[in-house]
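Reviewing the structure listed below.
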Amino acid sequence: EFTGEARLADGATVGFLPQEPELDPAKNVVEHVEEAVAETRALLTRFEEISNKFAEPMSDDEMEKLLAEQGRLQDQIDACDAW
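Mapping to the numbering used here: the sequence shown position 12 is 79, numbers consecutive.
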């Protein structure tokens, strides 16, 4: 056993991070998981939509815009390790 005092350093703050999330009792496990990954799933869905559009005829300008958007999406997907 230990005894003593704990002191917070000047300028430091203390926070609380709960270990258990507050879950909506009206939702099941799948619904909670889907909600948690919704933003990432939206990135992947949009990436796939753009990939599918490349099979369609389009102007060079449209192609450039889609490539730029897909590049931004790729960076976001990589940043959250969603592959």
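All C-beta atoms in this analysis are idealised placements derived from N, C-alpha and C, irrespective of residue type, glycine included. Quick caveat, the model's predicted, so the values are computed rather than measured.
Hey, residue i and residue j: beta-carbon distance below 8 Å or not?
i       : j      : result
Leu-110 : Ala-76 : no
Give every residue of the same chain whose Cβ lies closer than 8 Å to the Cβ of residue i, excluding the five residues on either side of it in the sequence, and list them in chain order.
i       : result
Leu-140 : Leu-110, Arg-113, Phe-114, Ile-117
Asp-142 : none
Report back the beta-carbon spacing between residue i and residue j to the nearest angstrom; my notes put them in contact at under 8 Å.
i       : j       : result
Leu-134 : Lys-120 : Actually they do not touch by this definition, with Cβ atoms about 11 Å apart.
Spatial neighbours of residue i within its chain, please: C-beta separation below 7 Å, excluding the five flanking residues on both sides.
i       : result
Ile-144 : Leu-110, Leu-111, Phe-114, Trp-150
Gly-71  : none
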